[in-house]
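J.:
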Amino acid sequence: EIIFPPYNALQIQDILKKRAVQAFQEGAIQAGVIEKCSAYAAREHGDVRRAIDLLRVAGEVAERSGSTTINLSHLDEAERKVEADKIIDAVTNQPKQFQCVLYAILLIAPKNKNFFTGEIYEVYQTICKQTRFNVLTQRRISDILAELDMLGIINAKIISKGRYGRTREVALSCDQNIIIKLKEVLEKSLQLS
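Basically this note's numbering = 1-based index in the sequence shown + 329.
1) Tell me whether the beta-carbon of Leu501 lies closer than 8 angstroms to the beta-carbon of Ile434.
2) Whose C-beta lies closer than 6 angstroms to the C-beta of Val499 among residues of the same chain, with five residues either side of it excluded?
3) Let me check one thing: in DSSP terms, what residues is Glu408 bridge-paired to?
4) If you reduce the DSSP assignment to three classes, tell me which class Ser367 lands in.
5) Hey, would you say Leu465 sits closer than 8 angstroms to Leu431, going by beta carbons?
6) Run the CB neighbour count on His374, radius 10 Å, all protein chains shown included, and call it buried at 16 or more, exposed below.
7) Could you please give me the residues that DSSP links to Ala485 through a beta bridge?
8) Count the other CB atoms within 10 Å of the CB of Val350; is the residue buried (16 or more) or exposed (fewer)?
9) Leaving out five residues before and five after Ile473 in sequence, what residues of the same chain have Cβ atoms less than 6 angstroms from its Cβ?
10) Along the chain, where does the alpha helix (DSSP H) that runs through Gly447 open and close?
11) Take Gly361 and list the residues in its own chain whose beta-carbon comes closer than 8 angstroms to its own, dropping the five residues that flank it on each side.
12) Give me whichever residues DSSP pairs with Ile358 in a beta bridge.
13) Which same chain residues end up closer than 8 angstroms to Ser367 when comparing Cβ atoms and leaving out the 5 residues on each side of it in sequence?
14) Could you tell me the distance, in whole angstroms, from the CA atom of Asp376 to the CA atom of Lys425?
15) With C-beta atoms as the reference, is Ile417 less than 8 angstroms away from Lys347?
16) Where does Ala438 sit, in a helix, a strand or coil, going by DSSP?
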């Protein structure tokens, strides 16, 4: 088995500069863009493919805005777009039950900043009736909430209610634009629109 260590920011920067010469005209990338792009990729996984993809998306963002150069604001927007796409892809590849639980959270979130497993379960049951899916147990829903927490879509902390047991206090941890897009994607996937 061969294990490749992740690249550091300087290594990614060198590779990215070589690729940028091939992909973009001279002067098309403002100073600091490649460095920041490298830092983003090194911070996450040390994956050069991520850095190349991020620079490509920044180029597309710049082109759409009518700019002839890629600047730091284009890179920041590209970072948000790539992050959103990653979350959307992760959700669309999950089972329908997982999607139902997330959709229940998205329905509750505008009304409450923080909410509990029981509230999610009630809305989830309603969604299951609409979609004609079998209702999973509250224990299984709790497992799905833990998965959503690991994906970074929600923050879920277990709190004790004394003699009433334990529950999860849940809050969305996604940007509002991602939430809107997730809702659209889930409505289409679950055929709720």
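Beta carbons are placed, not taken as given, at the ideal position from N, Cα and C, and that holds for glycine.
T.: Checking against the coordinates, here is how it stands:
1) As a working mapping, residue 501 is identified with position 172 in the sequence shown. As a working mapping, residue 434 is identified with position 105 in the sequence shown. Taking 8 angstroms as the Cβ cut-off, Leu501 and Ile434 qualify as a contacting pair.
2) For the purposes of this step, residue 499 is identified with residue 170 of the sequence shown, where counting begins at 1. Contacts found: Phe444, Ile483 and Ala485.
3) Stepping through the sequence shown from its first residue, residue 408 is reached at position 79. DSSP lists no bridge partner for Glu408.
4) Counted from its first residue, the sequence shown places residue 367 at position 38. Here Ser367 sits in helix by DSSP.
5) By one-based count along the sequence shown, residue 465 stands at place 136. By one-based count along the sequence shown, residue 431 stands at place 102. No, these two residues do not count as a Cβ contact at 8 angstroms.
6) In the sequence shown, residue 374 corresponds to position 45, counting from 1. Under this definition His374 is an exposed residue.
7) As a position in the sequence shown, residue 485 is number 156, starting the count at 1. DSSP output for Ala485 lists Val499 as bridge partner(s).
8) Working through the sequence shown from its first residue, we reach residue 350 at position 21. With fewer than 16 other Cβ atoms within 10 Å, it is exposed.
9) For the purposes of this step, residue 473 is taken as residue 144 along the sequence shown, with counting starting at 1. Closer than 6 angstroms at the Cβ level, and outside the excluded window around Ile473, lie Phe427 and Val430.
10) Taking the first residue of the sequence shown as position 1, residue 447 is located at position 118. Gly447 -> alpha helix (DSSP H) spans Thr446 to Thr460.
11) Taking the first residue of the sequence shown as 1, we reach residue 361 at position 32. Setting aside the 5 residues that flank it on each side, Gly361 is surrounded in the same chain by Leu401, each with a C-beta closer than 8 angstroms to its C-beta; the list follows chain order.
12) Within the sequence shown, residue 358 is the residue found at index 29, counting from 1. Its beta-bridge partners are Ile399.
13) Residue 367 sits at position 38 when you count from the first residue of the sequence shown. Within the same chain, Ser367 has close Cβ partners Ala338, Leu339, Ile341, Gln342, Leu345 and Ala380.
14) Taking the sequence shown and counting its residues from 1, the one referred to as residue 376 is at position 47. Taking the sequence shown and counting its residues from 1, the one referred to as residue 425 is at position 96. Those two C-alpha atoms are separated by around 31 angstroms.
15) Taking the sequence shown and counting its residues from 1, the one referred to as residue 417 is at position 88. Taking the sequence shown and counting its residues from 1, the one referred to as residue 347 is at position 18. Lys347 is positioned such that its CB atom lies no closer than 8 angstroms to that of Ile417.
16) What you label residue 438 is simply residue 109 of the sequence shown in a count that begins at 1. Residue state, collapsed to three classes: coil.
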